[in-house]
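Line by line, the protein sequences are chains D and R. Note that the UniProt record's numbering has the first sequence beginning at 1, numbered continuously upward. Note that the UniProt record's numbering has the second sequence beginning at 1, numbered continuously upward. These notes are about the structure you will find just below.
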Amino acid sequence: MIGALVVVVFVALAALAVYGIVITALNRPPDAWTKRAVGAVVALLVVQAAIAAVRVFGGVTLPETTTFLIYLVVSICVLPIATQFAAAEPTRWGGAVVAVGAIATAVAVWRLQGLWAAAGV
Amino acid sequence: MSEAARATSSGPGRVLIAVYGVFALSATARAGVQIATRFGEAPVAYLLSALAGVVYILATIGLAGHSPAARRLGWAAVLFELIGVLTIGTITVFDTGDFPDDTVWSVYGRGYGFVPLVLPLVGLWWLRHTRAR
Chain D
1 MIGALVVVVF VALAALAVYG IVITALNRPP DAWTKRAVGA VVALLVVQAA
51 IAAVRVFGGV TLPETTTFLI YLVVSICVLP IATQFAAAEP TRWGGAVVAV
101 GAIATAVAVW RLQGLWAAAG V
Chain R
1 MSEAARATSS GPGRVLIAVY GVFALSATAR AGVQIATRFG EAPVAYLLSA
51 LAGVVYILAT IGLAGHSPAA RRLGWAAVLF ELIGVLTIGT ITVFDTGDFP
101 DDTVWSVYGR GYGFVPLVLP LVGLWWLRHT RAR
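The structure is reproduced here in C-alpha cells:
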C-alpha cells in the first residue's frame, strides 16, 4: 500500500458514490460514462492491490495476512459486480447500486489501510 | 381490484439487494476467517457471525428471486434477521460476558453503522410494499 495512492483511491470512490447518487436523483439510468468512471476506479484499485500483494508476498509481515488478502480481492471485485447488476435493469436505481458498491469498496480499502498501518511498515 | 405481486428485484429493490449482497459477502467472509483461524477464542460469537452470514445470503436470494417461494424465503430470512439483531443487540448491550468478540449483530450492529438494524425494517417494508393485494 502507498499512502498517496490510498488517498487517490478514497477520493475516486467518494466521487463515484456521489456520481451514482446524483444520476439516481436526476432520474437517469447508468450510461456509458458510468461504466467508464467505474473502469477508471477499478483500474486504480487493481494497481493498489498489485502493489500491496507484491509487498505482502515480498516479505512484509502483517498481523492478519489472510484477512488482508481477502479484503484485497473484495476491493477489486465488488464494483464490477455491482455495475453489472446496475446495468442489467436500466432504471434510475442503477446509479444508487453503483454508489452502494463504491461505499462498500471504500470500507474494504479503509480496513486494508487499518491492517497495513497496524503492521507499521 | 386485486393487484399481482410486483418483483422485489426491480427498481429500488435492486439497491436493497445490493446492500444485502454486500452484507452476505462481508459477514460470511468474516465468520469464515474467524472460524478458520481462531475458533477456540469465541466459538459462540463466531458461529453467530456465520449464522448471520447465512441469513443474509438467504435474504439476498429471496429478494432477488421472482417466484412465490423466493418471496416466502425473503420474508422468513428478513424476519429472522430482525429477531436476530434485536436479540443479540439487547443481550450485548446488557451483558458483554458471553460475547468476547463482536458479531455483525452486536449492540444492534454498531460496528456496521447500525445498518444491520435498519436493513430488516426496510426489507420488511419492501416485501409488504410489493406484495399482491
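Where is the CB? At the ideal position from N, CA and C, for every residue including glycine. These numbers were taken from a predicted model, which means no experiment stands behind them.
*For residue 105 of chain R, which three-state DSSP category applies?*
coil
*residue 101 of chain D CB to nearest chain R CB: under 8 Å?*
yes
*Is the segment 51 to 70 of chain D touching the segment 8 to 25 of chain D in the sense that three or more CB pairs, one from each, lie closer than 8 Å?*
no
*Taking Cβ positions only, does residue 78 of chain R come closer than 8 Å to chain D?*
no
*Run down chain R in chain order and give the residues with a C-beta less than 9 Å from the C-beta of residue 33 of chain D.*
Simply none; closest approach about 20 Å.
*For residue 110 of chain D, decide whether its Cβ has a neighbour in chain R, counting only Cβ atoms nearer than 8 Å.*
no
*Should residue 30 of chain R be labelled buried (16 or more other beta-carbon atoms within 10 Å of its own) or exposed?*
Classification of residue 30 of chain R: buried, given that the 10 Å Cβ count is 16 or more.
_Please return the same chain residues whose Cβ sits closer than 6 Å to the Cβ of residue 112 of chain D, not counting the five positions on each side in sequence._
Excluding residues up to 5 positions away in sequence, 71 lie with their Cβ nearer than 6 Å to the Cβ of residue 112 of chain D in the same chain.
*Please determine, among R:39, R:49, R:102, the residue with the shortest C-alpha to C-alpha distance to residue 24 of chain R.*
R:49
*At what residues does the alpha helix (DSSP H) containing residue 30 of chain D begin and finish?*
Counting along the chain, residue 30 of chain D falls outside any alpha helix (DSSP H), and DSSP gives it neither H nor E.
*asked:* Quick check for students: name the residue ranges of the alpha helix (DSSP H) that lie wholly in the segment 51 to 119 of chain D, counting only runs of 4 or more.
replied: 65 to 88, 93 to 119
*For residue 44 of chain D, which three-state DSSP category applies?*
helix
_Within chain D, partners of residue 33 of chain R - CB distance below 9 Å_ = Those are 64, 66, 67, 70, listed as they occur along chain D.
*Please confirm whether residue 97 of chain D and residue 86 of chain D have their CB atoms less than 8 Å apart.*
In this structure, residue 86 of chain D lies closer than 8 Å to residue 97 of chain D by Cβ.
*asked:* Starting from residue 10 of chain D, trace the alpha helix (DSSP H) in both directions and tell me its first and last residue.
replied: 3 to 25
*Tell me whether residue 84 of chain D is buried or exposed, calling it buried when 16 or more other Cβ atoms sit within 10 Å of its Cβ.*
Exposed is the call here.
*Buried or exposed: residue 89 of chain R, going by 16 or more other Cβ atoms within 10 Å of its Cβ?*
Flag for residue 89 of chain R reads buried.
*In the structure shown, what three-state DSSP assignment does residue 74 of chain R receive?*
helix
*asked:* I need the straight-line Cα distance from residue 129 of chain R to residue 44 of chain R, nearest angstrom please.
replied: 36 Å
*Using a Cβ-Cβ cut-off of 8 Å, state whether residue 37 of chain R counts as contacting chain D.*
yes
*Taking DSSP as the reference, what is the three-state secondary structure of residue 49 of chain R?*
helix
*Any idea what DSSP makes of residue 134 of chain R, helix, strand or coil?*
Only positions 1 to 133 of chain R appear in the structure, and residue 134 of chain R is not among them; the question remains open.
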